[in-house]
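Enquirer: In the UniProt record's numbering, the protein residues as written are 1 to 196.
(1) Buried or exposed for residue 130, please, with buried defined as at least 16 other CB atoms from any protein chain shown within 10 angstroms of its CB.
(2) With residue 89 as the anchor, note down where its alpha helix (DSSP H) starts and where it stops.
(3) Do residue 116 and residue 64 have their beta-carbon atoms positioned less than 9 Å apart in this structure?
(4) Please name the residue or residues paired with residue 60 in a DSSP beta bridge.
(5) Please classify residue 168: does DSSP put it in a helix, a strand, or coil?
(6) Figure out for me which residue from 173, 79 and 18 has the closest Cα to the Cα of residue 143.
(7) For the region 29–48 and the region 81–88, state whether three or more C-beta atom pairs, one from each stretch, are separated by less than 8 Å.
(8) In angstroms, rounded to a whole number, what distance separates the CA positions of residue 14 and residue 94?
(9) Measure from the alpha carbon of residue 28 to the alpha carbon of each residue in 147, 196 and 136, then state which is nearest.
(10) Under DSSP, the beta strand (DSSP E) around residue 197 begins and ends at which residues?
(11) Classify residue 163 as helix, strand or coil using the three-state DSSP reduction.
(12) Cutting at 8 Å between CB atoms, please list the residues of its own chain near residue 107, excluding the five before and the five after it.
(13) By how many angstroms is the C-alpha of residue 165 removed from the C-alpha of residue 134?
(14) Of the residues 90, 22, 16 and 7, which one's Cα is nearest the Cα of residue 157?
(15) For residue 169, which residues from the same chain have a beta carbon less than 6 Å from its beta carbon, with the 5 sequence-adjacent residues on both sides left out?
(16) Three-state secondary structure (DSSP) at residue 120?
(17) Between which two residues does the beta strand (DSSP E) holding residue 74 run?
(18) Assuming residue 18 and residue 8 make a contact with CB atoms under 8 Å, what is their CB distance in whole Å?
Below, the structure written as structure tokens:
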């Protein structure tokens with residue numbers, strides 16, 4: 001494991017964080033490349049029987065299809081910049097990843113509600129490596145069952161890497177809440193190993 005990845009003190013979880021995994025100028029370059037090269041989509045999901053546009057843009061690249069929230073994502077071929085980032089993340093975490101979900105948060109009104117990455121296709125103990133580029137956003141964790149455990153809030157800044165593994169997805173939910181603060185656009189890459 002990369003020396004900059006430090007464990008977060010969270011019960012029933014294995015979470016590591018490196019706030020400055022990719023230095024600012026390099027992170028800015030990656031951000032611009034991804035903005036220009038990624039095939040961003042505005043997907044819709046069914047909420048309360050109605051199709052609603054997702055409050056962010058997404059893209060799925062890799063070797064396998066992946067279904068979440070009823071959406072089947074057919075993989076697009078790895079871009080060179082995504083390959084480069086995958087190699088750095090694999091080296092840092094000591095794990096391999098065959099797919100990446102990208103989210104583009106265009107403003108503070110783009111968000112991600114409470115959820116866990118616990119789809120069957122990710123296996124019993126999913127490993128998610130989450131790389132942030134661009135504007136800083138607040139990330140929050142809350143324990144599913146234990147009221148005695150405080151929520152965890154984390155600023156995900158440009159170039160930071162968050163690794164969630166072990167029992168984390170079974171016991172914790174996470175989100176990117178909306179904010180009224182002025183924030184810069186942010187790209188989040190979540191590298192995964194899809195097993196089926």
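Beta carbons: idealized from backbone N, C-alpha and C, even for Gly.
Expert: Concretely, from the data shown:
(1) buried
(2) 80–93
(3) no
(4) Under the DSSP definition of a beta bridge, residue 60 partners with 101.
(5) helix
(6) 173
(7) yes
(8) 14 Å
(9) 136
(10) Nothing about residue 197 can be read from this structure; the chain reaches only from 1 to 196.
(11) strand
(12) Hits under 8 Å: 183 and 185.
(13) 24 Å
(14) 22
(15) 116, 117, 118 and 126
(16) helix
(17) Neither: residue 74 is in no beta strand (DSSP E) and is coded neither H nor E.
(18) Actually they are not in contact, since the Cβ atoms of residue 18 and residue 8 sit about 11 Å apart, beyond 8 Å.
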